[in-house]
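Note sheet for the following structure.
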Amino acid sequence: MNDRLVIWVGAVVTLVVFSYLAGDNPVYRLIQQAALGASVGIALVIAWQQVLEPMWWAPIRGAFQGGSRAGALWLLALVPGAMWYGSLSKKWFWVSTIIFGLFAGVAAGFTFKGIPLLVLPQIGGCLKPLNPFAGPGGFTWQALGDCLNNLLFLAALATTLLYFFFSIRMENRLLGTSVRLGRLMIMVALGAMFGNTVMTRMAYLIERMQFLYENWLAPMWHHGAL
Amino acid sequence: MQRRLVWVITFVAGLFFLLEFVLPEEAPAWLGGFRNPLTPYLDGATKFLIVVATMAFLVGPVNLVRQHLPTALRRRKGWVESVVFFVFLAAGIVAQAYHAEGRTAVAMQAALDRLYGVLFYGLMLGFGASSMALLAFYLVSAAHRAFRVNNLEGGLMMASAVIILLGQVPLGDWLTQGLPEPVQLPSVAQWILTVPNTAVQRAVLLGACGGAFAAAVRQWLGVGTAQG
Amino acid sequence: MTRWLLKLHGLNARWLYLGTAILLVVPFVVLIPSPATKPSRAVQGLYAMIESCPPDKVVWIDSAWDQGSRAENEAQLECVVRHLCRRHIRFVVTSVGNPFAPEFAAKVIKPIAEDAGYTYGTDWVNMGFVQCNAGLAVVISGLAKNFHNIREKDVDGKPIGELPLMEHVRTIEDIYLVYAITYSPTPDWISFVKGQFGTPVAFGCMSIMGPYYQTFVESNQLCGMLVGNRGSAQYESLLGHRSLGTKLSMVASFGNVAILLAALLGNLGMWGLARARRSHVR
Numbered sequence: 023m024n025d026r027l028v029i030w031v032g033a034v035v036t037l038v039v040f041s042y043l044a045g046d047n048p049v050y051r052l053i054q055q056a057a058l059g060a061s062v063g064i065a066l067v068i069a070w071q072q073v074l075e076p077m078w079w080a081p082i083r084g085a086f087q088g089g090s091r092a093g094a095l096w097l098l099a100l101v102p103g104a105m106w107y108g109s110l111s112k113k114w115f116w117v118s119t120i121i122f123g124l125f126a127g128v129a130a131g132f133t134f135k136g137i138p139l140l141v142l143p144q145i146g147g148c149l150k151p152l153n154p155f156a157g158p159g160g161f162t163w164q165a166l167g168d169c170l171n172n173l174l175f176l177a178a179l180a181t182t183l184l185y186f187f188f189s190i191r192m193e194n195r196l197l198g199t200s201v202r203l204g205r206l207m208i209m210v211a212l213g214a215m216f217g218n219t220v221m222t223r224m225a226y227l228i229e230r231m232q233f234l235y236e237n238w239l240a241p242m243w244h245h246g247a248l
Numbered sequence: 065m066q067r068r069l070v071w072v073i074t075f076v077a078g079l080f081f082l083l084e085f086v087l088p089e090e091a092p093a094w095l096g097g098f099r100n101p102l103t104p105y106l107d108g109a110t111k112f113l114i115v116v117a118t119m120a121f122l123v124g125p126v127n128l129v130r131q132h133l134p135t136a137l138r139r140r141k142g143w144v145e146s147v148v149f150f151v152f153l154a155a156g157i158v159a160q161a162y163h164a165e166g167r168t169a170v171a172m173q174a175a176l177d178r179l180y181g182v183l184f185y186g187l188m189l190g191f192g193a194s195s196m197a198l199l200a201f202y203l204v205s206a207a208h209r210a211f212r213v214n215n216l217e218g219g220l221m222m223a224s225a226v227i228i229l230l231g232q233v234p235l236g237d238w239l240t241q242g243l244p245e246p247v248q249l250p251s252v253a254q255w256i257l258t259v260p261n262t263a264v265q266r267a268v269l270l271g272a273c274g275g276a277f278a279a280a281v282r283q284w285l286g287v288g289t290a291q292g
Numbered sequence: 047m048t049r050w051l052l053k054l055h056g057l058n059a060r061w062l063y064l065g066t067a068i069l070l071v072v073p074f075v076v077l078i079p080s081p082a083t084k085p086s087r088a089v090q091g092l093y094a095m096i097e098s099c100p101p102d103k104v105v106w107i108d109s110a111w112d113q114g115s116r117a118e119n120e121a122q123l124e125c126v127v128r129h130l131c132r133r134h135i136r137f138v139v140t141s142v143g144n145p146f147a148p149e150f151a152a153k154v155i156k157p158i159a160e161d162a163g164y165t166y167g168t169d170w171v172n173m174g175f176v177q178c179n180a181g182l183a184v185v186i187s188g189l190a191k192n193f194h195n196i197r198e199k200d201v202d203g204k205p206i207g208e209l210p211l212m213e214h215v216r217t218i219e220d221i222y223l224v225y226a227i228t229y230s231p232t233p234d235w236i237s238f239v240k241g242q243f244g245t246p247v248a249f250g251c252m253s254i255m256g257p258y259y260q261t262f263v264e265s266n267q268l269c270g271m272l273v274g275n276r277g278s279a280q281y282e283s284l285l286g287h288r289s290l291g292t293k294l295s296m297v298a299s300f301g302n303v304a305i306l307l308a309a310l311l312g313n314l315g316m317w318g319l320a321r322a323r324r325s326h327v328r
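Chains as they are written, first to last, in my numbering: chain A, 23 to 248; chain B, 65 to 292; chain C, 47 to 328.
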């Protein structure tokens, strides 16, 4: 990306997008539609070049050019493939529900596989040592700290799960206190998520500032390169 | 009839992948030693699904064209933007189709490569990254307007956020470098992430996965859906 | 004083935007050295995994990020590829679900690989975009069972069967480690690669997803994780090669200060408003 034209286009686009902070304007809308058009056009061709051409069209072409005849069977894929376009019409919308149903079934099948594989180790990971004397080296302050952390972990886990059990009545004092503790733990976690969210958003802006300064402005100041 | 057809297809599709996973690759001898009858079809089924799913790649562009074409042709409000959309749609298609080496005559190749660079790295990258960067500005104004500490829960959340924000950047390392390591900001931030945060996230994950599993069962069996 | 606090309450957002922009330019103009940071357990886990990788094994990198997450993912790809090249470990690259990702990945990988004397096709292969409309789980599972079935050609259209590296890489059993980098890597990698085949998986993700995936690091379902630019900076400190991650992580200090200042000004303004209301009532 050393081409100065590319860098100038990127800089102008960046500044136009930032102009949205002052308010919506026609230049921003033009750039928005230009970017949308370009990305849709590029994505269309990539979908053909990297997926459909090698996986679908190449076997069909091969079947008619002396290769394996079985490749011609891929023409039948046009039938389910065309069903997607039923969603563009009110009259034929029901056709698209067939193909949506196919992929919904596939997703369900993979969910039955995926969730146990994901969750069972999580449940196993909840079995944590709580006895600081039971370690291979006997009692150490490190072991005590780890066990206290594990105890807090289990307390936070249990109280958070309790917080979301709406079907249990919380009039009991112990349950009510546990739910409140769960809420406080959730607040700590939300604070952590918020802090990380801020860092992500800032990273976007930092990257753009870096581009504007190091790639666009600095070469002009230091080397006179337009 | 249509609903029944959709239900059957959903059920069979889910059953295929579930059975392929559940049945052993090769059964023990006392069960007959049969091999999983579905495994030989797995590669073909996966490839078929990917190809058919990719065939939907025109649905979005067709919708966009249906929206912009009448606007451009009849010069309704915003017609200039619609024309710009079509121009850059064509440019994107041409640039991606021909920018790789050897696809066109040498003289054209340099121009097409430049067009691709301008569209991909200048326009798309610039617009996409800058749009996300706007969020940072909005976050600053939201921090000024809405991040108020009014009660214990709010205070706890803000305290946690401040520790995470300072503890995960070099500023936090610098601020507390003179303190013992367990109470330095990066260590406290890491402790928040690994103990209370992980516990809460795990609890949420367990609950959410239970719900997702139940929803998948309902979807597969068509219970309580339009197809059921 | 109440008058000044009320001014803070009614501060125009554009002053905040301008202040933020100025604050973020400072570290680019004035070079500030970054202090050493202790790498987290997640970063050390990924580093140790690659350090202990036998030279005849292959790593699978799924680089599925684009302009929307380049701010943090680019550095995460760069530092790990640099480590792989330093140890001369071969790798294959895919981009599951993102058609623009192969171009961004190639832009980062090519210069590092060329500097390390890597030969395309023998030491590394870019298999390109893998469509995931059928479902990420379907595609990941399909790739794990047979790469050649899902991707018959590489990103430039060359048949992968003709590439020397791919003669030895057919299924997940030929892979030592999977490193998935994107805005938010799907947990299907954990289910269908680590869970089903036992192959170690590591993530490179945006900071916003770090707290969510921490639970998988804690349960050892992820062998390592780089979270945001901080993760890249810590990895670079282990490599002894400070680069993009360290630079951006340093600038992030100023960004976070901007947010904290804005929140502080807002709370001071709210306090001023409360004071004004109380004095008005009296």
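For each residue, glycine too, the CB sits at the ideal point set by N, CA and C.
All values reported here derive from a predicted model rather than from experimental measurement.
Chain B contact residues for residue i, given Cβ-Cβ distances below 9 Å
i: residue 85 of chain C; result: Within chain B, no residue comes near residue 85 of chain C; the closest Cβ sits about 10 Å away, beyond 9 Å.
Residue i versus the options, residue with shortest Cα-Cα distance
i: residue 267 of chain C; options: C/186, C/236, C/257, C/255; result: C/236
i: residue 98 of chain A; options: B/214, B/115, B/265, B/177; result: B/115
i: residue 134 of chain B; options: B/149, B/281, B/252, B/210; result: B/149
i: residue 183 of chain A; options: B/263, B/203, B/132, B/257; result: B/263
i: residue 303 of chain C; options: B/137, B/71, B/256, B/225; result: B/225
i: residue 178 of chain C; options: C/76, C/188, C/241; result: C/188
i: residue 37 of chain A; options: A/199, A/231, A/108; result: A/231
i: residue 146 of chain B; options: A/174, A/195, A/214, A/53; result: A/53
i: residue 220 of chain C; options: C/101, C/86, C/83, C/67; result: C/101
i: residue 106 of chain A; options: B/131, B/126, B/207; result: B/126
i: residue 110 of chain C; options: C/231, C/207, C/50; result: C/231
i: residue 135 of chain C; options: C/47, C/279, C/162; result: C/162
i: residue 245 of chain B; options: C/90, C/72, C/83, C/70; result: C/83
i: residue 204 of chain B; options: C/50, C/198, C/61; result: C/61
Per-residue contacts from residue i into chain B (C-beta, under 8 Å)
i: residue 329 of chain C; result: Chain C is shown from 47 up to 328; residue 329 of chain C falls before or after that span and cannot be answered.
i: residue 106 of chain A; result: 119, 120, 123
i: residue 205 of chain C; result: Per Cβ cutoff of 8 Å: no residues; residue 205 of chain C is ~16 Å from chain B at best.
i: residue 135 of chain A; result: 81, 82, 85
i: residue 391 of chain C; result: For chain C, the structure presents residues 47 to 328; residue 391 of chain C sits outside this window and is missing.
i: residue 312 of chain C; result: 207, 208, 209, 210, 211, 212
CB of residue i within 9 Å of CB of residue j, strictly
i: residue 68 of chain A; j: residue 193 of chain C; result: no
i: residue 141 of chain B; j: residue 196 of chain C; result: no
i: residue 27 of chain A; j: residue 181 of chain B; result: yes
i: residue 225 of chain C; j: residue 126 of chain C; result: yes
i: residue 181 of chain C; j: residue 125 of chain A; result: yes
i: residue 92 of chain C; j: residue 270 of chain C; result: yes
i: residue 286 of chain C; j: residue 275 of chain C; result: no
i: residue 117 of chain C; j: residue 193 of chain B; result: yes
i: residue 215 of chain A; j: residue 107 of chain C; result: no
i: residue 176 of chain B; j: residue 60 of chain A; result: no
i: residue 136 of chain A; j: residue 241 of chain C; result: yes
i: residue 209 of chain C; j: residue 171 of chain C; result: yes
i: residue 184 of chain C; j: residue 128 of chain A; result: yes
Chain-ordered chain C contacts of residue i [CB-CB under 8 Å]
i: residue 107 of chain B; result: 188, 191, 192, 195
i: residue 235 of chain A; result: 71, 74, 75
i: residue 257 of chain B; result: 256, 257, 260
i: residue 171 of chain A; result: In chain order: nothing, as chain C lies at least about 11 Å away.
Within chain A, the residues that residue i reaches when beta carbons sit closer than 7 Å
i: residue 284 of chain B; result: 127, 130
9 Å Cβ cut-off: residues of chain A touching residue i
i: residue 278 of chain B; result: Residues of chain A passing the Cβ test: none, with the nearest at roughly 10 Å.
i: residue 178 of chain B; result: 25, 27, 28
Contacts of residue i in chain A (Cβ-Cβ under 8 Å)
i: residue 145 of chain C; result: 64, 65, 68, 69, 72
* **Near-chain C residues of the segment 110-129 of chain B - C-beta to any C-beta below 7 Å** => 110, 111, 113, 114, 117, 118, 120
Quiz prompt | Uninterrupted alpha helix (DSSP H) stretches inside the segment 87-163 of chain B (no shorter than 4 residues) | solution = 106-118, 123-137, 143-162
Quick one, which residues of the segment 41-57 of chain A are near chain B if we go by CB-CB under 9 Å, in chain order? 42, 43, 48, 51, 52, 53, 54, 55, 56, 57
_By the 9 Å beta-carbon criterion, what residues does the segment 72-98 of chain A contribute toward chain B?_
Within the segment 72-98 of chain A, the residues whose Cβ lies closer than 9 Å to some Cβ of chain B are 73, 74, 77, 78, 96, listed in chain order.
### Query
Along the segment 109-124 of chain C, what residues have a CB closer than 9 Å to any CB found in chain B?
So the list reads 112, 113, 114, 115, 116, 117, given in the order they occur along the chain.
> Going along the chain, which unbroken runs of the alpha helix (DSSP H) with 4 or more residues stay wholly within the segment 173-230 of chain B?
Replying inline: 189-210
- prompt: Any residues in the segment 71-99 of chain B with a beta carbon nearer than 9 Å to a beta carbon of chain A? Which ones, in chain order?
  reply: Those residues of the segment 71-99 of chain B placed with their C-beta closer than 9 Å to a C-beta in chain A are 71, 72, 73, 74, 75, 76, 77, 78, 79, 80, 81, 82, 83, 84, 85, 86, ordered along the chain.
Would you list, in chain order, the members of the segment 161-188 of chain C that have their beta-carbon closer than 7 Å to a beta-carbon of chain A?
-> 174, 175, 177, 180, 181, 183, 184
Quick check for students: name the residue ranges of the beta strand (DSSP E) that lie wholly in the segment 38-68 of chain A, counting only runs of 3 or more. none
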